[in-house]
Amino acid sequence: MKTLDHIAIFVADMDAGISFYRTLLGGDPIIAQVPELGIACAFFTDGKGVPIELVSFTGKGELAHGDVVVAIEVDDLDAAFAEYRAAGLKVYDQPPTENLPLRRGWITKKDGHGTIIELCQRGQIAAFIAIKRG
Numbered sequence: 091m092k093t094l095d096h097i098a099i100f101v102a103d104m105d106a107g108i109s110f111y112r113t114l115l116g117g118d119p120i121i122a123q124v125p126e127l128g129i130a131c132a133f134f135t136d137g138k139g140v141p142i143e144l145v146s147f148t149g150k151g152e153l154a155h156g157d158v159v160v161a162i163e164v165d166d167l168d169a170a171f172a173e174y175r176a177a178g179l180k181v182y183d184q185p186p187t188e189n190l191p192l193r194r195g196w197i198t199k200k201d202g203h204g205t206i207i208e209l210c211q212r213g214q215i216a217a218f219i220a221i222k223r224g
């Protein structure tokens with residue numbers, strides 16, 4: 091089964107993005123720095139609905155302010171990769187990193203009809219957020 095895991099929005103200025111979404115949604119985000127990927131993340135979640143993640147590049151990146159990632163949760167990443175590749179989609183495998191210890195898949199903006207698609211193993215993003223929350 092495939093379900094919506096979270097939505098990520100690229101922001102040019104993380105502090106300004108956090109301020110805006112704090113006003114819009116309330117609460118404080120869970121922050122994660124991922125220097126090995128050149129990104130910083132801030133997850134807004136109440137633990138009940140779909141998290142909203144803000145992402146900013148701390149280095150260079152090809153994605154721009156306002157770009158959106160739709161993250162799909164799957165039961166088995168390898169099976170999802172095989173299924174989508176068999177359907178002719180280009181799916182990229184991203185291994186875990188030190189500060190983001192989650193294997194994920196990607197369909198690029200070019201191949202995703204203007205939207206970046208992230209494939210996540212069921213439950214891993216929620217577990218990562220819970221660990222960061224402490």
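Take the position in the sequence shown, starting the count at 1, then add 90; the result is the number in this note's numbering. Where is the CB? At the ideal position from N, CA and C, for every residue including glycine.
Enclosing alpha helix (DSSP H) for residue i [first to last residue]
{"i": "Thr113", "result": "104 to 115"}
{"i": "Asp168", "result": "167 to 176"}
{"i": "Ala98", "result": "Segment 93 to 100 is the beta strand (DSSP E) holding Ala98; no alpha helix (DSSP H) there."}
{"i": "Arg223", "result": "214 to 223"}
Residue j beta carbon less than 8 Å from that of residue i
{"i": "Leu209", "j": "Ala170", "result": "yes"}
{"i": "Thr187", "j": "Val124", "result": "yes"}
{"i": "Leu115", "j": "Ile142", "result": "yes"}
{"i": "Asp95", "j": "Ile207", "result": "no"}
{"i": "Asp157", "j": "Phe110", "result": "no"}
{"i": "Ala132", "j": "Lys222", "result": "no"}
{"i": "Ile129", "j": "Thr148", "result": "yes"}
Residues that DSSP places opposite residue i in a beta bridge
{"i": "Gly139", "result": "DSSP output for Gly139 lists no bridge partner at all."}
{"i": "Phe133", "result": "Ile120, Glu143"}
{"i": "Leu209", "result": "Ile162, Gly195"}
Bounding residues of the beta strand (DSSP E) (the contiguous stretch that carries residue i)
{"i": "Arg194", "result": "194 to 197"}
{"i": "Ala161", "result": "158 to 164"}
{"i": "Glu152", "result": "Premise fails: Glu152 is in no beta strand (DSSP E) and is neither H nor E."}
{"i": "Asp183", "result": "182 to 184"}
Other residues of its chain near residue i: CB distance less than 6 Å, five sequence neighbours each side excluded
{"i": "Asp165", "result": "Arg212"}
{"i": "Leu153", "result": "Phe100"}
Buried or exposed by the 16-neighbour rule on C-beta atoms within 10 Å, applied to residue i
{"i": "Gly107", "result": "buried"}
{"i": "Ser247", "result": "Past the edges of the chain, shown from 91 to 224, lies residue 247, and the structure says nothing about it."}
{"i": "Leu144", "result": "buried"}
{"i": "Pro119", "result": "buried"}
{"i": "Tyr182", "result": "exposed"}
{"i": "Thr135", "result": "buried"}
{"i": "Leu195", "result": "The amino acid occupying residue 195 in the given sequence is Gly; Leu does not appear at that position. It counts as buried."}
Own chain, CB closer than 7 Å to residue i, minus 5 neighbours either side, in chain order
{"i": "Tyr174", "result": "Val181"}
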